[in-house]
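In order, the protein sequence lines correspond to chains A and B.
Each residue of the first sequence is one higher than the one before, starting from 203 at the first, in the numbering used here.
Each residue of the second sequence is one higher than the one before, starting from 203 at the first, in the numbering used here.
Taking it in order: structure first as structure tokens, then the write-up.
2 protein chains.
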Amino acid sequence: MNQPKIVILGAGYGGLTTVSKLQKELGVNDAHITLVNKHDYHYESTWLHENAAGTLHHDRSRVKISDIINSAKVNFVQDTVTAIKPDEKKVELEDSVLEYDYLVVALGFEAATFGIPGLLENAFTIGSINKARLIRQHIEYQFAQYNNEPEPKAERLNFVVGGGGFTGIEFLGELANRVPELCEEYDIDRSKVRIINVEAMDTIMPGFDPELIEYAMNSLEARGIEFKLGAFLKEVREDGITIEQNGEKEDIPAMTTVWAAGVRANHLVEESGLEHNRGKVEVKSDLRAPSHEDVFVVGDCALIWNKEIDRPYPPTAQIAMQEAEVCAHNLTALVKGGELKDFAFINRGTVCSLGENDAMGSIFGGKKLFGWSASFMKKVIDNRALYKIGGLGLVLKKGKFNVFS
Amino acid sequence: MNQPKIVILGAGYGGLTTVSKLQKELGVNDAHITLVNKHDYHYESTWLHENAAGTLHHDRSRVKISDIINSAKVNFVQDTVTAIKPDEKKVELEDSVLEYDYLVVALGFEAATFGIPGLLENAFTIGSINKARLIRQHIEYQFAQYNNEPEPKAERLNFVVGGGGFTGIEFLGELANRVPELCEEYDIDRSKVRIINVEAMDTIMPGFDPELIEYAMNSLEARGIEFKLGAFLKEVREDGITIEQNGEKEDIPAMTTVWAAGVRANHLVEESGLEHNRGKVEVKSDLRAPSHEDVFVVGDCALIWNKEIDRPYPPTAQIAMQEAEVCAHNLTALVKGGELKDFAFINRGTVCSLGENDAMGSIFGGKKLFGWSASFMKKVIDNRALYKIGGLGLVLKKGKFNVFS
Numbered sequence: 203m204n205q206p207k208i209v210i211l212g213a214g215y216g217g218l219t220t221v222s223k224l225q226k227e228l229g230v231n232d233a234h235i236t237l238v239n240k241h242d243y244h245y246e247s248t249w250l251h252e253n254a255a256g257t258l259h260h261d262r263s264r265v266k267i268s269d270i271i272n273s274a275k276v277n278f279v280q281d282t283v284t285a286i287k288p289d290e291k292k293v294e295l296e297d298s299v300l301e302y303d304y305l306v307v308a309l310g311f312e313a314a315t316f317g318i319p320g321l322l323e324n325a326f327t328i329g330s331i332n333k334a335r336l337i338r339q340h341i342e343y344q345f346a347q348y349n350n351e352p353e354p355k356a357e358r359l360n361f362v363v364g365g366g367g368f369t370g371i372e373f374l375g376e377l378a379n380r381v382p383e384l385c386e387e388y389d390i391d392r393s394k395v396r397i398i399n400v401e402a403m404d405t406i407m408p409g410f411d412p413e414l415i416e417y418a419m420n421s422l423e424a425r426g427i428e429f430k431l432g433a434f435l436k437e438v439r440e441d442g443i444t445i446e447q448n449g450e451k452e453d454i455p456a457m458t459t460v461w462a463a464g465v466r467a468n469h470l471v472e473e474s475g476l477e478h479n480r481g482k483v484e485v486k487s488d489l490r491a492p493s494h495e496d497v498f499v500v501g502d503c504a505l506i507w508n509k510e511i512d513r514p515y516p517p518t519a520q521i522a523m524q525e526a527e528v529c530a531h532n533l534t535a536l537v538k539g540g541e542l543k544d545f546a547f548i549n550r551g552t553v554c555s556l557g558e559n560d561a562m563g564s565i566f567g568g569k570k571l572f573g574w575s576a577s578f579m580k581k582v583i584d585n586r587a588l589y590k591i592g593g594l595g596l597v598l599k600k601g602k603f604n605v606f607s
Numbered sequence: 203m204n205q206p207k208i209v210i211l212g213a214g215y216g217g218l219t220t221v222s223k224l225q226k227e228l229g230v231n232d233a234h235i236t237l238v239n240k241h242d243y244h245y246e247s248t249w250l251h252e253n254a255a256g257t258l259h260h261d262r263s264r265v266k267i268s269d270i271i272n273s274a275k276v277n278f279v280q281d282t283v284t285a286i287k288p289d290e291k292k293v294e295l296e297d298s299v300l301e302y303d304y305l306v307v308a309l310g311f312e313a314a315t316f317g318i319p320g321l322l323e324n325a326f327t328i329g330s331i332n333k334a335r336l337i338r339q340h341i342e343y344q345f346a347q348y349n350n351e352p353e354p355k356a357e358r359l360n361f362v363v364g365g366g367g368f369t370g371i372e373f374l375g376e377l378a379n380r381v382p383e384l385c386e387e388y389d390i391d392r393s394k395v396r397i398i399n400v401e402a403m404d405t406i407m408p409g410f411d412p413e414l415i416e417y418a419m420n421s422l423e424a425r426g427i428e429f430k431l432g433a434f435l436k437e438v439r440e441d442g443i444t445i446e447q448n449g450e451k452e453d454i455p456a457m458t459t460v461w462a463a464g465v466r467a468n469h470l471v472e473e474s475g476l477e478h479n480r481g482k483v484e485v486k487s488d489l490r491a492p493s494h495e496d497v498f499v500v501g502d503c504a505l506i507w508n509k510e511i512d513r514p515y516p517p518t519a520q521i522a523m524q525e526a527e528v529c530a531h532n533l534t535a536l537v538k539g540g541e542l543k544d545f546a547f548i549n550r551g552t553v554c555s556l557g558e559n560d561a562m563g564s565i566f567g568g569k570k571l572f573g574w575s576a577s578f579m580k581k582v583i584d585n586r587a588l589y590k591i592g593g594l595g596l597v598l599k600k601g602k603f604n605v606f607s
């Protein structure tokens, strides 16, 4: 019974890929592996914007953890982590305490609100299955209410999306497709609905190729999205927002504000006593925390420097899954003996969806893609993520094959 | 241009059946027929409880008026009636005024609130397509919110239905079937949801055969409906109700109260100056208003005495459609010459749905039906109503044929 105890916190892309690989590499007697997750399912967080818009059912975006793990090798605990105590080699959960020899922190992101007044209370964030389906229902409820009030309220049909980055733009693409359906469902003229994007930078998708950005803006504007660029969100209220653009303030009435403009690492990391850089652990090249060599950090809680441009890599599913593979390899080496590997990110490209059949992005070292071909590639990427986590079976079950629709 | 002007107000069962028959009986040059309705569609108001529960899409319950009327013979005006002026032979609409030689008032029902505090503001009523889909979305929104609050609120999952009459019981039957689906959709245990019926009488379905009542209660209780009989609704709040039962008051927290306990005639009748009896026109045997012989009243706005039991006939689709046929015949006789007919109600029986595949009722002079056979008969009745309004084409388009599901 001298098996080392490996505890993995979180069943997102990072945590679940780690477990998935670990259970292949390690035998039943090599280690005692425990996976902790709040829900009994993993969700594809890069698909949540579709669930939130109502264009994809949330059951398509989630996978039962019991379908992925080998229960002979991995013990699953459904619970919520309340504290990480690296000096005591313990993790506190709501209902119990776990001790570990090796810990993998893969607790993902939470919304960063930048102290904007009212944002936390009044804006929705696309951060979980629960939140995504709440947004979906909240939006539809506004349409349902609109025709039932003696004086129809314009703010019910104004939808604000804060942030013109990846999540914001992908969500806008879905919303642009969903809104006409909702208009038909509730006998409301499309022209009465406003979808407004508020972005503090003077461009959407900062860092992307200008040609791709222009393509995205044209595609979205053609479907009725209004862009407020260089506009700072000053306040969010239940029934509207205030922005400041070119030094002038403007109130926009809106019963729905979805905040997609910033994420930070799970707050438990900052509170854990692990050495951190603005809430993230700047991991060593083998993905261990510099202050605690029995703690690995992967995914959105880890900070890895991209030396080429002297900036950190942005948090994505792609990097989380690559980190998870190295993490699992290194854990195996520590348990069974062997060389630890250094992590090196391989950029396979990025494709931003603009709705069901439109997308833009670049792959394989810069080749630009637009429209159908980009949309096709996006589905390939989505299916690849499923394959990494659950193999071909999962791809066939949850994959996206509607390439000709 | 000496054609008499016939104006029909309302495209419910009474109004639309009148128009449907009138356009068959009268030639293009016989009369100038105008139909006025708030929406450009007719809806099957006896199906709205299914739309409200979310078990049937509202588009199945409505028919475009343009698909029913013969536009060569009938002029359709989509507008809301604001006043009836029988002494001036005029009808005021929001956007215009119509003069008539013959008027058919078929403006249907509205909810009777009996002065219960908070009812008007905080309870939903199943009175239109707009209201039905609002209820559907309100219910689902409660489920969506439940898992997103730090402290889940029990009142989100408590659903109160006021009234154990026809509409209340039919709605409960649908809700009992819908709730397990919503529980699955939102990962909520069915045992957390309460569906509570509040009825002031000490029985549901008063006037029905005791055996049928017992069948209905058993069917609904088996699916988790709680009955509060002999319970008076004292107050409705946004987040709960107060009832009084056996002299004791009880507060029930609930974010959703649907009031299905009473209807009255459209308030325009009472305000019109037509002679009325508690808001309804006690029509003569030829269905004309005693005070104005150029005004016919059919459907829920008309009061007709059932001399056998010395009580008025209850307002139903069945009686409205029978009245409409006599009304159309008598209008034709007035325009083209001929004998006016007296109205005589033929009771074809009543079947109360208890959900998709369950029902109870009596037909053809008292034969009792339960379960599948009653459910089958209910669908026959529903399809018959479609046939009367829009012929076989409408039955094939919107009819209910899922008798083996």
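A virtual CB, placed ideally from N, CA and C, is assigned to each residue, including glycine.
For Q344(A), the nearest beta carbon of chain B is not closer than 7 Å to its own beta carbon. Using beta-carbon distances, N239(A) does not count as an interface residue toward chain B, since no partner is under 7 Å. In summary, no residue of the stretch 267–285 of chain A has a CB separated from any CB of chain B by less than 8 Å. For I548(A), the number of other beta carbons within 10 angstroms of its own is below 16, and it is reported as exposed. At a beta-carbon threshold of 8 Å, none of the residues of chain B lie near K394(A); the nearest stands roughly 15 Å away. The C-beta separation of T552(A) from G567(A) comes to about 12 Å, leaving the pair out of contact by the 8 Å criterion. At a cut-off of 7 Å between beta carbons, N253(B) makes no contact with chain A.
Following the DSSP letters along the chain, one finds I341(B) inside the alpha helix (DSSP H) bounded by residues 331–348. Any Cβ of chain B closer than 7 Å to the Cβ of R358(A) would place that residue at the interface, and such an atom is absent.
With a cutoff of 7 Å on beta-carbon distance, T327(A) and A314(A) are scored as not near each other.
Burial is judged here by how many other beta carbons sit within 10 angstroms of a residue's own beta carbon; I210(A) has at least 16 and is buried. Between N399(A) and E428(A) a beta carbon distance of about 7 Å is seen, short of the 8 Å cut, so the two are scored as contacting. Excluding residues up to 5 positions away in sequence, V293, L470, S474 lie with their Cβ nearer than 6 Å to the Cβ of I286(B) in the same chain. With distances taken between CA atoms, A519(A) lies nearest to L309(A) out of G364(A), L309(A), E450(A). Under a criterion of Cβ atoms nearer than 8 Å, the residues of chain B adjacent to Y388(A) are, in order, R335. Counting every other CB atom within 10 Å of its CB across the protein chains shown gives E450(B) a total below 16, marking it as exposed. Excluding its 5 nearest sequence neighbours in each direction, L377(B) has C-beta neighbours in its own chain below 6 Å: A255, I397, listed in chain order.
When C-beta distances to chain B are compared with 9 Å, every residue of the stretch 468–480 of chain A stays at or above that value.
With its beta carbon at least 7 Å from every one in chain B, N324(A) lies outside the interface. Two segments are said to touch when three or more pairs of C-beta atoms, one from each, lie closer than 8 Å; by this definition the stretch 213–230 of chain A touches the stretch 521–530 of chain A. With contacts defined by Cβ atoms closer than 7 Å, G216(A) and G501(A) form a contacting pair. Beta-bridge partners of M562(A) (DSSP): C554(A), F572(A). With a minimum length of 4 residues, the unbroken runs of alpha helix (DSSP H) contained wholly in the stretch 341–415 of chain B fall at 368–387.
Beta-bridge partners assigned by DSSP to Q447(B): A433(B), E450(B).
Taking L422(B) as reference, the option from V363(B), A433(B), I270(B) with the minimal CA-CA separation is V363(B).
Three or more beta-carbon pairs separated by less than 8 Å link the stretch 236–253 of chain A to the stretch 261–269 of chain A, which places the two stretches in contact.
Secondary-structure assignment with DSSP links P514(B) through a beta bridge to W507(B).
For the 7 Å CB-CB criterion, V438(A) and F311(A) do not form a contact. Between the stretch 494–513 of chain B and the stretch 475–484 of chain B, the count of C-beta pairs closer than 8 Å reaches three or more; the two stretches touch. Distances from the CA of G212(A) to each of K333(A), F498(A), A587(A) were compared; the closest alpha carbon is that of F498(A). In this structure, the straight-line span from the alpha carbon of R550(B) to that of E510(B) is close to 16 Å. The contact set of N204(B) on chain A, defined by CB atoms closer than 9 Å, is empty, because the minimum CB distance reaches about 39 Å.
Counting only runs of 4 or more residues that sit fully inside the stretch 241–293 of chain B, the alpha helix (DSSP H) segments are 250–255, in chain order.
Flagged as an interface residue toward chain A: Q339(B), by a C-beta distance shorter than 7 Å. When Cβ pairs closer than 8 Å are counted between the two stretches, the stretch 383–395 of chain B is seen not to touch the stretch 570–583 of chain B, the count staying below three. If the five residues before and after F434(A) are omitted, its C-beta is found closer than 6 Å to the C-beta atoms of A402, E446, all from its own chain and listed in chain order.
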